[in-house]
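2 protein chains.
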Amino acid sequence: MSHVYDRVALIGLGLIASSMFWAIKRAGLAGEVTGYARSEATRETARRIGLCDRVCDSASEAAEGADLVVLCVPVGAMGAVAEEIAPVLKPGATVSDVGSVKRHVIDAVAPHIPEGVHFVPAHPLAGTEHSGPESGFAELFDNRWTLLVPVDGTPPEPVAQLRALWEGMGANVEEMDAEHHDLVLAVTSHTPHLIAYTMVGVADDLRRVTDSEVIKYSAAGFRDFTRIAASDPTMWRDVFLTNKDATLEILGRFTEELFALQRAIRTGDGAHLHDYFTHTRAIRRGIIEAGQDTDAPDFGRAKVKA
Amino acid sequence: MSHVYDRVALIGLGLIASSMFWAIKRAGLAGEVTGYARSEATRETARRIGLCDRVCDSASEAAEGADLVVLCVPVGAMGAVAEEIAPVLKPGATVSDVGSVKRHVIDAVAPHIPEGVHFVPAHPLAGTEHSGPESGFAELFDNRWTLLVPVDGTPPEPVAQLRALWEGMGANVEEMDAEHHDLVLAVTSHTPHLIAYTMVGVADDLRRVTDSEVIKYSAAGFRDFTRIAASDPTMWRDVFLTNKDATLEILGRFTEELFALQRAIRTGDGAHLHDYFTHTRAIRRGIIEAGQDTDAPDFGRAKVKA
Chain W
23 MSHVYDRVAL
33 IGLGLIASSM
43 FWAIKRAGLA
53 GEVTGYARSE
63 ATRETARRIG
73 LCDRVCDSAS
83 EAAEGADLVV
93 LCVPVGAMGA
103 VAEEIAPVLK
113 PGATVSDVGS
123 VKRHVIDAVA
133 PHIPEGVHFV
143 PAHPLAGTEH
153 SGPESGFAEL
163 FDNRWTLLVP
173 VDGTPPEPVA
183 QLRALWEGMG
193 ANVEEMDAEH
203 HDLVLAVTSH
213 TPHLIAYTMV
223 GVADDLRRVT
233 DSEVIKYSAA
243 GFRDFTRIAA
253 SDPTMWRDVF
263 LTNKDATLEI
273 LGRFTEELFA
283 LQRAIRTGDG
293 AHLHDYFTHT
303 RAIRRGIIEA
313 GQDTDAPDFG
323 RAKVKA
Chain U
23 MSHVYDRVAL
33 IGLGLIASSM
43 FWAIKRAGLA
53 GEVTGYARSE
63 ATRETARRIG
73 LCDRVCDSAS
83 EAAEGADLVV
93 LCVPVGAMGA
103 VAEEIAPVLK
113 PGATVSDVGS
123 VKRHVIDAVA
133 PHIPEGVHFV
143 PAHPLAGTEH
153 SGPESGFAEL
163 FDNRWTLLVP
173 VDGTPPEPVA
183 QLRALWEGMG
193 ANVEEMDAEH
203 HDLVLAVTSH
213 TPHLIAYTMV
223 GVADDLRRVT
233 DSEVIKYSAA
243 GFRDFTRIAA
253 SDPTMWRDVF
263 LTNKDATLEI
273 LGRFTEELFA
283 LQRAIRTGDG
293 AHLHDYFTHT
303 RAIRRGIIEA
313 GQDTDAPDFG
323 RAKVKA
């Protein structure tokens, strides 16, 4: 494939940025990829494993002359990074990000974007429980969705160019506005993460059931929660603080439903429980048909070693 | 391997019984395995796919002369089945079950067990989101735990024999008492299932986020909940109705923790959130080290087809 951008700069070198680098290289989507991470240890690791064509010692150095600058830092740090790199941004360049929350990122970043530079927020819906520069791999975005959330007044060309990059990295791309994005993600990602964190916290907190029992018997259902609850703490703290309204709203709905089921258990209302559990089964079938999961029995268990 | 039992009867032919049959055959653990299912369609399917050496048209016919009878029906149906087969049970035979709740099963089944027949309740901690006679496979129990919950006064021999069967089917075996079993399972399995069902129900119920959006973007975290929430509705209804006290207790703890995190979000207490999320990460590491999951990135995603 011919280059989509001559030079791409990745600011922040965690799971997403490192996967972007390997996916860009896999498809030859950029001439040069520069990178910067705040921690010197991360920069050293990146240099050692060949992550980025050039690892820079400041965000400005990495961003200078880049045709695309992607902010891959926690949502709470986006504004400060945008302010720092603003003076070196090339006219006609595009700034994007990979944050899980969009309204807050737009409010924090857009004021720093100079005239003549485009800002096209994005959010790849892909991840694993691992984080850091060594956790990335080229296939992370394959057949996953990336949502573009262009701000008002953005011309179509920079949006189309960013779409081409994400499609070149294997993703399916869709556009939506920031408010709808934040609500959809509160339902499909943010609230599920908070609930998983809570359940794992409860299990760890109980003294009558030992930690080793929880761990040994996790395959009975708990295991799937721990996978979610092992995600990066800083990233998730920022998500909840910056998508507060939508998360609290969905949490309120969740609590309401949970209390209704709890009441059905307490009163022995088996019909209510059976109806509810039958209904939720159909949604799973839709996810398998949409290609976002496999129906292989117990999902990957063959890989588990004794 | 030489036979552990001459004849085994499986009453109920769903995921667990069909997996037991294939695992017994894989290791040659029994001379003959008979089977019975209440639904004629299930019995026909079993005959067609060669599930059981002999499929019988009544539970009594299947159980008659068996050295081990395993009740593989929903927890709420165990008592009636035990009553039905009691008259044909062979002296010296063992009756067992695979129910997810133990105190209730013991109370429902034990009164029907004749003098001279042993009752050794058991619970294999293994399953998939699929159910029915065609969902079983020989590897289901490999490296998974099966808990034996012997009742007072049971001699050691029938317990040891049942242990040998489960170990022959690939499981790790441990013994515990019924009350502790029901609490451990409320933490590791029952409450997580209820929460997953609730979250999936909430997502499906929201009208501002469409079903197709929930399904398309499920890889962002929600997907893991739907896998759990696709389990058999009848089985889970019975679990919650019969392990009511422990489930309600753990749910109470869960709600307490959730409200504390919700408050931290509302007040912007980032330190509380970060500490909590850091703590839950460690438990995940323990589960991987205990061999109950793999740390492969995004767990099996390579199998997903577009």
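Order-wise, the sequence lines are chains W and U.
The numbering of the first sequence is our numbering, which starts it at 23 and goes up by one.
The numbering of the second sequence is our numbering, which starts it at 23 and goes up by one.
Just so you know, even glycine gets a beta-carbon here, dropped at the ideal spot from N, CA and C.
Practice task
Note down the Cα distance separating Arg76/W from Arg230/U, rounded to an integer number of angstroms.
Solution key: 44 Å
State yes or no: is the C-beta of His215/U within less than 8 Å of the C-beta of Trp258/U? yes
Original post:
Count the other CB atoms within 10 Å of the CB of Pro109/W; is the residue buried (16 or more) or exposed (fewer)?
Top reply: exposed
Practice item. Could you have a look at Tyr298/W and say whether DSSP puts it in helix, strand or coil? Key: helix
By DSSP's criteria, Tyr27/W is part of a beta bridge. Which residues make up the other side? Ala52/W
What are the partner residues of Val92/W, as DSSP defines its beta bridges?
Leu32/W, Ser118/W
* Helix, strand or coil: which one does DSSP assign to His140/U? -> strand
Beta-carbon within less than 7 Å of Lys124/W's beta-carbon, same chain only, minus the 5 sequence neighbours each way: which residues are those? Pro143, His145, Val171, Ala200, His203, Asp204
Checking contacts by CB at 8 Å: is Ala144/W closer than that to chain U?
-> no
TODO: Provide the residue(s) that pair with Pro146/U in DSSP beta bridges, ordered along the chain.
DONE: Thr168/U
- Query: Listing by chain order, which chain U residues have their CB less than 8 Å from the CB of Met221/W?
  - Reply: Thr213, Pro214, Ile217, Phe276
Would you call the CB atoms of Thr56/W and Ala81/W closer than 8 Å?
no
Spatial neighbours of Val92/W within its chain, please: CB distance less than 6 Å, with the 5 preceding and 5 following residues excluded, ordered by chain position. Leu32, Ser118
### Task
Determine the chain W residues that contact Val231/U at a beta-carbon separation under 7 Å, and present them in chain order.
Leu205, Val206, Val209
Original post:
Is Gly223/W near Thr302/U, with beta carbons less than 8 Å apart?
Top reply: yes
Please say whether Ser240/W and Ile309/U have beta carbons closer to each other than 8 Å? yes
| query | Under the three-state reduction of DSSP, which class applies to Val131/W: helix, strand or coil? | reply | helix
Grab me the residues of Leu273/W's own chain with a C-beta within less than 8 Å of its C-beta, minus the 5 sequence neighbours each way, in chain order. Thr213, Leu216
Practice problem: For my contact list, Leu283/W and Thr220/U are in at a C-beta cut-off of 8 Å; report their separation, rounded to the angstrom. | Solution: 6 Å
- Item | Cutoff 7 Å; reference Ala68/W; Cβ partners in own chain excluding five residues on either side | Leu35, Gly57, Ala59, Cys74, Val77, Pro155
- Message: Run through chain U and tell me which residues come within less than 7 Å of Asp246/W, C-beta to C-beta.
- Response: Asp246, Arg249, Ile250
Return the first residue and the last residue of the alpha helix (DSSP H) that Val195/W is part of. Note, Val195/W: premise wrong, no alpha helix (DSSP H); beta strand (DSSP E) at 194 to 197.
Worksheet item: Among Ala193/W, Asp246/W, Pro178/W, Leu111/W, which residue has its Cα nearest to the Cα of Glu151/W?
Response: Asp246/W
Discussion item. Taking CB distances under 8 Å as the criterion, tell me whether Ile148/W reaches chain U.
Written reply: The residue asked about is misnamed: residue 148/W is Ala in this sequence, not Ile. Yes, Ala148/W counts as interfacial toward chain U.
message: Give me, in chain order, the residues of the same chain whose beta-carbon lies closer than 7 Å to that of Gly53/W; leave out the 5 immediate sequence neighbours on both sides.
response: His25, Asp28, Arg29
Requested in this report: Answer yes or no: does any C-beta atom of chain U fall closer than 8 Å to that of Ile46/W?
Outcome: no
Can you say whether Phe281/U is buried or exposed, counting buried as having 16 or more other CB atoms within 10 angstroms of its CB?
exposed
When Leu295/U, Glu235/U, Val236/U, Val127/U are compared against Met100/U, the one with the closest alpha-carbon | Val127/U
Query - Cβ pair Pro96/W, Asp260/W closer than 8 Å - result: yes
### Query
What residue does the alpha helix (DSSP H) around Tyr219/W start on, and which one ends it?
213 to 227
Notebook entry, point to check: Quick one: does Pro155/W have its CB under 8 Å from some CB of chain U?
Noted result: no
Using 10 angstroms around the beta-carbon of Pro180/U, count the other beta-carbons present and answer buried if the total reaches 16, otherwise exposed.
-> buried
Chain W partners of Ala312/U, CB-CB under 9 Å?
Ser234, Ile237, Lys238, Ser240
Inset, instruction - Tell me where the alpha helix (DSSP H) around Ser234/U begins and ends. - result: 233 to 238
inquiry  = Residues of chain W with CB closer than 9 Å to the CB of Arg288/U, please, in chain order.
reply    = Lys266, Leu270
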